[in-house]
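Trainee: Numbering (our numbering), first residue to last: 29 to 242. Please read through the structure below; I'll follow up with questions.
Quick look at the structure:
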């Protein structure tokens with residue numbers, strides 16, 4: 029077996045294992061009935077991958093925001109922000125049926141979302157399908173790490189994807205980098221996580237937002 033076919037085989041096994049883990053986690057009811065696969069927390073946080081999910085209020089507010097800014101028929105890219113993608117797919121936010129969304133994630137458990145899932149490694153920020161370039165009215169990104177190096181790479185991805193507006197959720201300490209790398213300004217809205225984090229988080233936008241006060 030060639031090294032390339034061996035690599036492909038290994039990747040396939042990794043994806044299968046991730047899918048099995050996803051379905052194990054989402055089959056949570058005592059009678060074995062699958063839970064809503066789009067529920068917040070349907071995929072458990074993996075702190076080793078720096079995963080920290082938004083609380084329901086934050087996910088809802090951000091979903092409302094990107095729907096409003098994308099407009100009818102708009103396309104939304106959720107980069108390392110699966111909580112917002114899940115909220116968009118639940119069908120509980122007004123207008124969610126009039127937009128489409130994809131989730132870019134390193135965690136292959138999210139491959140359970142089918143064609144909406146795009147494997148993404150911020151260390152290789154432009155290793156994405158060419159068809160996605162310039163294809164999104166709103167790009168929402170939540171870099172996994174609070175570092176200039178991480179944000180700089182995610183910024184490359186954002187610029188590749190966007191044809192419209194950018195919304196970034198990250199630590200308040202990243203404000204200067206958000207401005208320098210993407211020309212974003214801070215919003216008053218405070219995003220919160222299901223498990224309180226020590227670092228203060230903020231949203232940064234490329235546009236004037238009424239919902240997020242920026």
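For glycine and all other residues, C-beta sits at the position ideal for the given N, C-alpha and C. Small disclaimer: the values here were computed from a predicted structure and weren't measured.
The alpha helix (DSSP H) that contains residue 210, what's its start and end?
Mentor: Start at 1 with the first residue of the chain shown, and residue 210 comes out as number 182. Start and end: 203-210.
Trainee: Use the C-beta contact count for residue 51: other C-beta atoms within 10 angstroms, 16 or more gives buried, fewer gives exposed.
Mentor: Walking along the chain shown from the start, residue 51 turns up at place 23. Summary for residue 51: the model assigns pLDDT 46, below 50, so the residue's position carries little reliability, and this model does not support an answer.
Trainee: Taking C-beta to C-beta, are residue 127 and residue 141 nearer than 8 angstroms?
Mentor: For the purposes of this step, residue 127 is taken as the residue at position 99 of the chain shown. For the purposes of this step, residue 141 is taken as the residue at position 113 of the chain shown. Going by C-beta atoms, residue 127 is not nearer than 8 angstroms to residue 141.
Trainee: Should residue 66 and residue 118 be called a contact, given that it needs their Cβ atoms to be closer than 8 angstroms?
Mentor: The residue you call residue 66 lines up with position 38 of the chain shown. The residue you call residue 118 lines up with position 90 of the chain shown. Yes. Within cutoff.
Trainee: Give the DSSP-derived three-state secondary structure of residue 155 in the structure shown.
Mentor: What you label residue 155 is simply residue 127 of the chain shown in a count that begins at 1. Residue state, collapsed to three classes: coil.
Trainee: For residue 142, does the three-state DSSP call read helix, strand or coil?
Mentor: As a position in the chain shown, residue 142 is number 114, starting the count at 1. Residue state, collapsed to three classes: helix.
Trainee: Can you give the Cα-Cα distance for residue 192 and residue 165, rounded to whole angstroms?
Mentor: Looking up residue 192 in the chain shown gives position 164. Looking up residue 165 in the chain shown gives position 137. Cα to Cα, residue 192 sits roughly 4 angstroms from residue 165.
Trainee: Give a yes or no on whether the C-beta atoms belonging to residue 178 and residue 229 are separated by under 8 angstroms.
Mentor: By 1-based counting over the chain shown, the position of residue 178 is 150. By 1-based counting over the chain shown, the position of residue 229 is 201. Cβ atoms of residue 178 and residue 229: not closer than 8 angstroms.
Trainee: Quick check: what's the CA-CA separation for residue 215 versus residue 235?
Mentor: The residue given as residue 215 occupies position 187 in the chain shown. The residue given as residue 235 occupies position 207 in the chain shown. Rounded to whole angstroms, residue 215 to residue 235 spans 10 angstroms at the Cα level.
Trainee: Using three-state DSSP, classify residue 241 as helix, strand or coil.
Mentor: On the chain shown, position 213 is the one that residue 241 refers to. Coil at residue 241, not helix or strand.
Trainee: So, do the region 81-97 and the region 149-162 have three or more beta carbon pairs nearer to each other than 8 angstroms?
Mentor: Counting Cβ pairs under 8 angstroms, fewer than three are found: no touch.
Trainee: Helix, strand or coil for residue 246 per DSSP?
Mentor: Nothing about residue 246 can be read from this structure; the chain reaches only from 29 to 242.
Trainee: Going by other Cβ atoms of all chains shown within 10 Å of its Cβ, with 16 needed for buried, is residue 38 buried or exposed?
Mentor: On the chain shown, residue 38 is found 10 positions in, with the first residue counted as 1. Residue confidence for residue 38 is low, a pLDDT of 48 falling below 50, so the modelled location carries little weight; the figure read from the coordinates is stated next. Burial call: exposed.
Trainee: What alpha helix (DSSP H) runs, 4 residues minimum, are completely inside the region 90-152?
Mentor: Runs found: 110-117.
Trainee: In three-state DSSP terms, what is residue 188?
Mentor: For the purposes of this step, residue 188 is identified with residue 160 of the chain shown, where counting begins at 1. Looking at residue 188 - three-state DSSP - the assignment turns out to be helix.
Trainee: Output yes or no for whether 8 angstroms exceeds the beta carbon distance between residue 151 and residue 181.
Mentor: Stepping through the chain shown from its first residue, residue 151 is reached at position 123. Stepping through the chain shown from its first residue, residue 181 is reached at position 153. Contact: yes.
Trainee: Give me the Cβ distance between residue 91 and residue 189, rounded to the nearest whole Å; I'm assuming they're in contact under 8 angstroms.
Mentor: Here residue 91 refers to the residue found at position 63 of the chain shown. Here residue 189 refers to the residue found at position 161 of the chain shown. The pair is not a contact, with the Cβ atoms about 18 angstroms apart (cut-off 8 angstroms).
Trainee: For residue 178, which of helix, strand or coil comes out of DSSP?
Mentor: For the purposes of this step, residue 178 is taken as residue 150 along the chain shown, with counting starting at 1. Three-state result, residue 178: helix.
Trainee: Taking only three categories from DSSP, how would you classify residue 169?
Mentor: Walking along the chain shown from the start, residue 169 turns up at place 141. Reduced to three states, the DSSP call for residue 169 is strand.
Trainee: Using a 10 Å radius around the Cβ and a threshold of 16 neighbouring Cβ atoms, would you call residue 48 buried or exposed?
Mentor: Position 20 of the chain shown, counted from the start, is the residue given in the question as residue 48. With a pLDDT of only 49 at residue 48, under 50, the local geometry of the prediction cannot be trusted, and the value read off the model is given with reservation. Label assigned to residue 48: exposed.
Trainee: Mind checking whether residue 205 and residue 184 have CB atoms under 8 angstroms apart?
Mentor: Here residue 205 corresponds to residue number 177 of the chain shown, with the count starting at 1. Here residue 184 corresponds to residue number 156 of the chain shown, with the count starting at 1. The answer is no: Cβ separation not under 8 angstroms.
Trainee: Who are residue 183's beta bridge partners in DSSP?
Mentor: Against the chain shown, residue 183 aligns to sequence position 155. Beta-bridge pairing links residue 183 to no other residue.
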